[in-house]
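Residue numbers (the working numbering): 2 to 187. All C-beta atoms, glycine included, are put in the ideal place defined by N, C-alpha and C.
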């Protein structure tokens with residue numbers, strides 16, 4: 002064992018003797034630069050992984066939003082001739098919009114889900130405000146000052162956009178032939 006250590010020590014001394022102090026400093030600096038480049042490459046890789054994860058999360062959020070909206074709108078349409086069921090479906094839809102508005106107001110969504118959800122809530126509020134019976138149900142559903150607080154804040158903040166959608170819906174309804182079909186839930 003001592004002979005192996007002695008041989009190793011002699012080999013290291015021989016390698017060290019090949020380079021002077023300036024060359025060792027340059028070699029050390031090159032090693033440090035290489036470490037920095039590897040660390041930088043690792044940071045870019047981690048950044049790419051985070052971006053890919055965020056995109057996957059955004060896609061999943063959009064799919065869940067689409068499924069949830071479709072389910073609640075279908076429940077409203079199916080309950081058209083059943084007032085008790087329609088009240089329950091309407092309140093469930095309003096609670097759904099409130100929860101999604103909390104996510105919007107709280108900045109919990111990525112850029113694209115946020116944009117699509119904002120447009121969907123604007124459309125839904127325009128439909129509700131454009132139908133007197135639904136607007137009355139919404140007013141009655143606000144049982145306290147804090148009921149649908151986030152939805153009300155969203156409506157105030159996006160009032161111009163909601164009014165534009167309502168005006169477009171009214172203009173479209175005026176030009177539609179008698180007995181035309183319209184969407185009951187946006």
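Starting from residue i, trace the alpha helix (DSSP H) in both directions and tell me its first and last residue.
{"i": "residue 168", "result": "160-176"}
{"i": "residue 126", "result": "112-131"}
When you compare the CB positions of residue i and residue j, do they come within less than 7 Å of one another, or not?
{"i": "residue 156", "j": "residue 126", "result": "yes"}
{"i": "residue 97", "j": "residue 112", "result": "no"}
{"i": "residue 99", "j": "residue 139", "result": "no"}
{"i": "residue 63", "j": "residue 114", "result": "yes"}
{"i": "residue 170", "j": "residue 131", "result": "yes"}
{"i": "residue 136", "j": "residue 129", "result": "yes"}
Could you round the C-beta distance between residue i and residue j to whole angstroms and report it? I think they count as a contact, below 8 Å.
{"i": "residue 123", "j": "residue 166", "result": "6 Å"}
{"i": "residue 90", "j": "residue 104", "result": "Not really, about 21 Å apart at Cβ, beyond 8 Å."}
{"i": "residue 106", "j": "residue 154", "result": "6 Å"}
{"i": "residue 118", "j": "residue 66", "result": "6 Å"}
{"i": "residue 28", "j": "residue 19", "result": "No, residue 28 and residue 19 are not in contact; Cβ-Cβ is about 11 Å, not under 8 Å."}
{"i": "residue 92", "j": "residue 142", "result": "6 Å"}
Helix, strand or coil for residue i per DSSP?
{"i": "residue 81", "result": "coil"}
{"i": "residue 147", "result": "coil"}
{"i": "residue 187", "result": "Summary for residue 187: the model assigns pLDDT 44, below 50, so the residue's position carries little reliability; its value from the coordinates is reported in the next sentence. In the structure shown, residue 187 sits in coil (DSSP, three-state: anything other than H, G, I, E or B)."}
{"i": "residue 28", "result": "helix"}
{"i": "residue 19", "result": "helix"}
{"i": "residue 5", "result": "helix"}
If you scan the stretch 30-113 from start to end, which runs of the alpha helix (DSSP H) of 4 or more residues do you find wholly inside it? 84-106
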